[in-house]
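Colleague: Have a look at this one.
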Amino acid sequence: MGIFGTLYTGVTGLKASEVQIATTSNNISNANATFYTRQRVVQTTNGYVSSNGVQVGTGTAIESIVRLHDEYSYFKLKGASTQLEYTKYMASTLQEISERFPDLQNTGILQDLENYNKAWNDFASNPNENATKIALVKASQTLTESINNTFSTLDKIQKKINNDIKSTVEEINRIGEEIATINKQIYGQEALPTEHANELRDRRDELELTLSKLVSAVASKNEINQDNRLDTTITDPGHQYNLSIEGFSIVDGINFHPLKLDYDDKNKSYSIYYETADEKVRDLTGKISGGQLGAQLDLRGRNYDKSKGKYSDGIIQGYMDSLDTFSKTMINETNNLYASSAKSPVTSDYLPGLQGNIPLMNYDRTIQPGSFDIVLYDEKGDKKVTKTINIDVNTTMDDIVRQIKANTDDNNNKNPIDDVDDLINVSFSYDPTSNDGLFQLTAKSGYKIAIEDKGTNFAGAFSIGGFFSGNSASDIKVKDSILSDPSTVRASLNGVDSGNDMANKIIQLQYDKVNFYNEDGTIDHLTMEEYYRKFTGKIGSDGENNNVVNASNQTFYNSVYSEYQSKSGVNTNEELAALIQWQSSYGASAKIVTTIDQMLDTLLGIKS
Numbered sequence: 003m004g005i006f007g008t009l010y011t012g013v014t015g016l017k018a019s020e021v022q023i024a025t026t027s028n029n030i031s032n033a034n035a036t037f038y039t040r041q042r043v044v045q046t047t048n049g050y051v052s053s054n055g056v057q058v059g060t061g062t063a064i065e066s067i068v069r070l071h072d073e074y075s076y077f078k079l080k081g082a083s084t085q086l087e088y089t090k091y092m093a094s095t096l097q098e099i100s101e102r103f104p105d106l107q108n109t110g111i112l113q114d115l116e117n118y119n120k121a122w123n124d125f126a127s128n129p130n131e132n133a134t135k136i137a138l139v140k141a142s143q144t145l146t147e148s149i150n151n152t153f154s155t156l157d158k159i160q161k162k163i164n165n166d167i168k169s170t171v172e173e174i175n176r177i178g179e180e181i182a183t184i185n186k187q188i189y190g191q192e193a194l195p196t197e198h199a200n201e202l203r204d205r206r207d208e209l210e211l212t213l214s215k216l217v218s219a220v221a222s223k224n225e226i227n228q229d230n231r232l233d234t235t236i237t238d239p240g241h242q243y244n245l246s247i248e249g250f251s252i253v254d255g256i257n258f259h260p261l262k263l264d265y266d267d268k269n270k271s272y273s274i275y276y277e278t279a280d281e282k283v284r285d286l287t288g289k290i291s292g293g294q295l296g297a298q299l300d301l302r303g304r305n306y307d308k309s310k311g312k313y314s315d316g317i318i319q320g321y322m323d324s325l326d327t328f329s330k331t332m333i334n335e336t337n338n339l340y341a342s343s344a345k346s347p348v349t350s351d352y353l354p355g356l357q358g359n360i361p362l363m364n365y366d367r368t369i370q371p372g373s374f375d376i377v378l379y380d381e382k383g384d385k386k387v388t389k390t391i392n393i394d395v396n397t398t399m400d401d402i403v404r405q406i407k408a409n410t411d412d413n414n415n416k417n418p419i420d421d422v423d424d425l426i427n428v429s430f431s432y433d434p435t436s437n438d439g440l441f442q443l444t445a446k447s448g449y450k451i452a453i454e455d456k457g458t459n460f461a462g463a464f465s466i467g468g469f470f471s472g473n474s475a476s477d478i479k480v481k482d483s484i485l486s487d488p489s490t491v492r493a494s495l496n497g498v499d500s501g502n503d504m505a506n507k508i509i510q511l512q513y514d515k516v517n518f519y520n521e522d523g524t525i526d527h528l529t530m531e532e533y534y535r536k537f538t539g540k541i542g543s544d545g546e547n548n549n550v551v552n553a554s555n556q557t558f559y560n561s562v563y564s565e566y567q568s569k570s571g572v573n574t575n576e577e578l579a580a581l582i583q584w585q586s587s588y589g590a591s592a593k594i595v596t597t598i599d600q601m602l603d604t605l606l607g608i609k610s
C-alpha cells in the first residue's frame, strides 16, 4: 500500500465524520419533532489490501443510516393511544350531555316538575279562579317545553356524532391511501439491504399513530428485523405490510382497500361496510371498536331499527329512551286521572298508524290487560250510569266501540233507553290518507263523560279526554284545547267547578309509585321524581366512570410514551456529546491528511 493509499484512508475518515456530524445535527434539529425517530450511522471498516504478506486497512466506510426504532414499544404506544382517544371522545360528549341536566343548580326539568306540582296544588285550593288555571297551564307548558328542548338537544348531539362518523371514516381512508403510497416509495428506495428510507418510515409511523387515535387497527409486519450492533436494540419491520380493521385489510402492501359509507336518506344514518375482492359486502358498523370511531358508534348507536325510526342501542339513544319513558309515563298517568273528570265531548289525539283492527297492546306497549269504566254524570254533577269495558291482548279499537255500543242494562233497572249506549255516541275512524286514527265519545245533551281507568292506561295512552297530548319526550305538550282556553280546566271528578277531588289525585301522583315501561322491556316501579333522578344519576355516573377510566388511560399512555421516547426519541445531551466526539474524529482524520501531505512534500523535495 502506497502513500497515496494512506492519504485515501484519511479521506475516508473525513467523509465518515462528515456523515456522522450531519446525522447528529439532523437529530438535534428534529429534537422537538413529534414523529421523528433518531438516527444512527452504521460505520464499518473499508476492507484491507495485502502488501508484502501484510493486511493493511484502507480506512472506514458508511454502511447505512438506521432509525433507532423499537416496533414493540411502538405497538404498545398505538394500543394506548386507541384506548385514550376512545375515553377522551366519550368524556367530552358525556360532559356536554350532563350540562343539559343542570338540576343541581335548581334549574332544569326537575325544578320545572316541582313548579308544575305546586301549580296543581294551587289550582286544587282555588278551582274556580281563572288565575290559578292560567298559572297551571303556564307551568305545564314550561315543563313540557323543557322536556322537548332537552330531547331535541340529545337528538342534535346524536346527529352531530353521526356526521362525525362520516368525517372519521373519510380520514381513515385518507390515511390508508397515503400509507399505501408511502409503501410503494419505501420499496423503491430500499432496493438494497443497506438502504433505509428513514423519513418515509417515520411518516408511515406518524400515520399509523394517527390512525390508532381514530380506530383500533392492526398493522401486521410479519418480518421484523432485529439489530443489536448499536447501543440500542433496533426492531424495525421489513417490507411485508398489512393494515387491517376488524380482520379486513385496508392496506395490503401498495394496495389500498377503502372503508365505505352507506347513507340512509330517510333515516339520516351512516353505516360502515367493507367490500371484499369477490364483491361481497361486510357490514362493520357493529364490529368496529376503539378510538374515536368506536366511541362515536357506541354513543350514537350501531343498529338502526327502521320500524321504530331510531337506534336500538347506543348510550345517547339510551338517554333519549329514558326521557321518552319518563314523558310517556307522565302523559299516561296524568291523562288517566284527568280523563276521570267529566266533560263532553271526549276525543283522543290523532293516533298514527292505528287502524281499527290492530290489537291495542301491540300498538302501545303501555296498554295493559284489565278494564276501565265509562261514567256518565248529569249537569248537576250526579253520577247516573257506569259501563265497564274490558281489554285483553286481542282487543282492538273496533272491539272497544262494539263494547260501548252493546245494548246492556248498565243500570240494572230493565229500562232499555237509559244505559250508556243510549246516552253517548262513540266512533273510531281511520284516515288512510293521513294514516291517523281518531277515537271520539260525545254525550247527549245534559250529560258529561268520564273515563275511570283500572290499570289499562287506555285513556292515558291515547289522551282521550286527557290533559297532555303526545306520546314521547319530543312531542309531549298541553292539549291544544286547554292551551287556547285555560278556563276549561276542571278540578273535579263530576265536572262541576266547585270540586277538587280529581286535582287532588293528580297532586297525589307525585308521591305514588307507578310503572315505567322501559324500552328494554324492564319495568321500574318508582315515583316520577325517583325515576328522573335515577335517569340523570346514570348520566352522571356514566360520565364519572368514564373519567376514571380516561385518567387511567392517560397515565398508561404517558408511561408508554416515555418508554417509546427513551428508545426512539432524541436526547439532546446525548447528541451534543456525540457531536463533540465526531468533531474530534474529524480533526483526527484531518491530521492524517495533513501528515500525508507533509510526507509528500518531503518526498517530492528529496526527488527534486
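In terms of this note's numbering, the sequence shown has 585 at position 583, counting the first letter as 1, and numbering is strictly consecutive. Backbone N, C-alpha and C define an ideal beta-carbon position, used for all residues, glycine too. Small disclaimer: the values here were computed from a predicted structure and weren't measured.
Could you give the residue range of the alpha helix (DSSP H) that holds residue 384?
Modeller: Here residue 384 belongs to no alpha helix (DSSP H), and DSSP marks it neither H nor E.
Colleague: Pull up the distance between the alpha-carbon of residue 487 and that of residue 337, whole angstroms please.
Modeller: Between residue 487 and residue 337, the C-alpha separation is close to 18 angstroms.
Colleague: Suppose the cutoff is 7 angstroms on Cβ atoms and the five residues either side in sequence are ignored; what does the same chain contact list for residue 98 look like?
Modeller: Cβ neighbours of residue 98 beyond the five flanking positions: 159.
Colleague: When the Cα of residue 61 is compared with those of 55, 54, 71, 50, which residue comes out closest?
Modeller: Of the candidates 55, 54, 71, 50, the one whose C-alpha sits nearest the C-alpha of residue 61 is 50.
Colleague: Rounded to whole angstroms, what's the CA-CA distance from residue 319 to residue 111? Just pull it up for me.
Modeller: Going by the C-alpha atoms only, they are around 19 angstroms apart.
Colleague: Give the list of continuous alpha helix (DSSP H) stretches no shorter than 4 residues that lie fully inside the region 442–530.
Modeller: Within the region 442–530, the complete alpha helix (DSSP H) runs of at least 4 residues are 460–463, 482–486, 503–511.
Colleague: So with Cβ pairs under 7 angstroms, would you call residue 369 a contact of chain B?
Modeller: In the displayed structure, chain B is absent; only one protein chain is listed.
Colleague: Can you tell me where the beta strand (DSSP E) holding residue 250 begins and where it ends?
Modeller: Looking at the DSSP string, the run of the beta strand (DSSP E) that includes residue 250 is 250–254.
Colleague: Quick check on the DSSP output: the beta strand (DSSP E) that includes residue 59 runs from which residue to which?
Modeller: Unbroken beta strand (DSSP E) run through residue 59: 56–59.
Colleague: Just confirm the distance between the C-beta atoms of residue 468 and residue 456, as a whole number of angstroms; I'd bet it's less than 8 angstroms.
Modeller: Rounded, the Cβ-Cβ distance is 17 angstroms, inconsistent with contact.
Colleague: Using a Cβ-Cβ cut-off of 7 angstroms (strictly less than) and excluding sequence neighbours within five positions of residue 123, which residues of its own chain qualify?
Modeller: Around residue 123: 509.
Colleague: Would you call the region 504–522 and the region 82–98 touching, i.e. three or more CB-CB distances under 8 angstroms?
Modeller: Flag = no, the region 504–522 and the region 82–98 do not touch.
Colleague: Does DSSP classify residue 567 as helix, strand or coil?
Modeller: Helix.
Colleague: DSSP on residue 80, reduced to helix/strand/coil?
Modeller: Residue 80: helix per DSSP, three-state reduction.
Colleague: Is residue 390 helix, strand or coil when you go by DSSP?
Modeller: Correct three-state label for residue 390: strand.
Colleague: When the Cβ atoms of the region 431–446 are set against those of the region 345–356, are three or more pairs found closer than 8 angstroms?
Modeller: The region 431–446, when compared against the region 345–356, does touch it at the 8 angstroms Cβ threshold.
Colleague: Identify whether residue 244 lies in helix, strand or coil by the three-state DSSP scheme.
Modeller: Strand.
Colleague: With DSSP run on the structure shown, which of helix, strand or coil describes residue 343?
Modeller: Coil.
Colleague: Given 8 angstroms as the limit, is there contact between the region 168–185 and the region 251–271, that is, 3 or more CB pairs closer than that?
Modeller: Cβ pair count under 8 angstroms is three or more, so yes.
Colleague: So residue 262 is in the beta strand (DSSP E); what residue range does that whole segment cover?
Modeller: Start and end: 262–266.
Colleague: Whose C-alpha, out of 474, 450, 461, is nearest the C-alpha of residue 384?
Modeller: Residue 450 is the option with its Cα nearest to residue 384.
Colleague: What does a CB cutoff of less than 6 angstroms around residue 545 pick up in its chain, not counting 5 residues either side in sequence?
Modeller: Around residue 545: 96, 100.
Colleague: Can you name the start and end residues of the alpha helix (DSSP H) that residue 210 belongs to?
Modeller: Element bounds for residue 210: 200–216.
Colleague: Can you check whether the CB of residue 412 is closer than 7 angstroms to the CB of residue 389?
Modeller: In contact: residue 389 and residue 412 (Cβ atoms closer than 7 angstroms).
Colleague: Could you tell me the distance, in whole angstroms, from the CA atom of residue 516 to the CA atom of residue 37?
Modeller: Straight-line Cα distance between these residues: approximately 59 angstroms.
Colleague: Ignore the nearest five residues each way along the sequence and tell me which others in residue 499's own chain have a CB closer than 8 angstroms to its CB.
Modeller: The residues are 129, 130, 492, 493.
Colleague: Taking 8 angstroms as the threshold, find out whether the region 193–211 comes into contact with the region 288–297 through three or more Cβ pairs.
Modeller: These segments do not touch.
Colleague: Which first and last residues belong to the beta strand (DSSP E) in which residue 378 is found?
Modeller: From DSSP, the beta strand (DSSP E) with residue 378 extends over 372–380.
Colleague: Measuring CB to CB, does residue 398 end up less than 7 angstroms from residue 434?
Modeller: For residue 398 and residue 434, no; Cβs fall outside 7 angstroms.
Colleague: Is it buried or exposed, residue 611, if we count other Cβ atoms within 10 angstroms and call 16 or more buried?
Modeller: A query on residue 611 cannot be resolved here, the shown segment of the chain reaching from 3 to 610 and no further.
Colleague: Taking only three categories from DSSP, how would you classify residue 580?
Modeller: Of the three classes helix, strand and coil, the one that applies to residue 580 here is helix, per DSSP.
Colleague: Using 8 angstroms for Cβ pairs, my map puts residue 16 next to residue 42. What's the rounded Cβ distance?
Modeller: With 8 angstroms as the limit, residue 16 and residue 42 do not qualify as a contact, their Cβ atoms being about 19 angstroms apart.
Colleague: I think residue 18 touches residue 67, with their Cβ atoms under 8 angstroms apart; what is that distance to the nearest whole Å?
Modeller: So it is not a contact: roughly 12 angstroms between Cβ atoms.
Colleague: Check whether the Cβ atoms of residue 121 and residue 329 sit closer than 7 angstroms, and answer yes or no.
Modeller: Not closer than 7 angstroms, so no.
Colleague: Within 10 Å of its beta-carbon, does residue 321 have 16 or more other beta-carbons around it, so buried, or fewer, so exposed?
Modeller: So residue 321 ends up on the buried side.
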